[in-house]
Amino acid sequence: MVQTFMANVIYPNKHEEEQYKYTNDGHLFVTETYVGANVEALKSGVFRSNIPYRFKIVPGTVQYLIDNIDRTLQQSIEIEEKLSIDLIENLSDIKDILQRLQHLKNVPNCLENPNIYHLDVGAMYPNIILTNCLQPSAIVNSTIYAQCDLNRPNARCQRKMDWVWHGTYVPATRSEGQ
């Protein structure tokens, strides 16, 4: 900061939180945060494509995917993408996933170099949460989103998730603590 000042670079003042924060009825906050944005994962941690990992596949679940491939494609194409399934020219190529699913079902325990990258969201820094659009709607509203370079019709980059404020506080009020 000293060097930027000496070079006449303008920078904002560092934001400092209030030392003590109280509820409306005088209780001292210990912590406050937002809870939400659940992510389902095979296993918490990081999977890298250059490190083999032993996967255990549940054959019954894979069979469920095989049995429901038509319904899944219809949901994805017609409901989510709002297209007619008749417009898809390579539908048979898309259904080639059945062969790969059948292979997973036949070989439920495999040692593979995964193509899955997963980070535990609980350990994400706030800027990563913002980058991945996992923020509470209070942070990004429609006005801010309207100014975004990526804001286009049918853009689905902002994921609406249920966030709940969560705080813990000292049961004693301010007057009882003084």
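Residues in the sequence shown are numbered consecutively from 1426, following my numbering. Ideal placement from N, C-alpha and C gives every residue a C-beta, glycine not left out.
Three-state secondary structure (DSSP) of residue i
i, result
"threonine 1593", "strand"
"leucine 1508", "coil"
"threonine 1448", "coil"
"alanine 1563", "Here alanine 1563 scores only 47 on pLDDT, less than 50, and its place in the model should not be relied on; the value that follows carries that caveat. Correct three-state label for alanine 1563: coil."
"glutamine 1499", "helix"
Paired residues, beta bridge with residue i - DSSP
i, result
"asparagine 1534", "Lys1481"
"valine 1487", "Answer is none; valine 1487 lacks a bridge partner."
"histidine 1528", "Answer is none; histidine 1528 lacks a bridge partner."
"glutamate 1457", "Gly1592"
"threonine 1598", "His1452"
Straight-line Cα distance separating residue j from residue i
i, j, result
"aspartate 1495", "glutamate 1457", "45 Å"
"arginine 1599", "glycine 1451", "5 Å"
"asparagine 1605", "leucine 1536", "No answer is possible for residue 1605: it lies beyond the span of the chain, which begins at 1426 and ends at 1603."
"isoleucine 1519", "threonine 1497", "12 Å"
"asparagine 1576", "histidine 1528", "40 Å"
"glycine 1592", "phenylalanine 1454", "7 Å"
"serine 1517", "asparagine 1493", "15 Å"
"tryptophan 1590", "isoleucine 1504", "32 Å"
"aspartate 1521", "leucine 1508", "20 Å"
Nearest to residue i (by Cα), restricted to the options the options
i, options, result
"proline 1539", "Met1431, Thr1448, Tyr1478 and Leu1523", "Tyr1478"
"glutamine 1499", "Val1455, Leu1526, His1591 and Ile1510", "Ile1510"
"valine 1532", "Leu1512, Ala1432 and Gln1488", "Gln1488"
"lysine 1530", "Leu1512, Val1460, Leu1523 and Pro1484", "Pro1484"
"leucine 1523", "Lys1481, Ile1491, Thr1448 and Met1431", "Ile1491"
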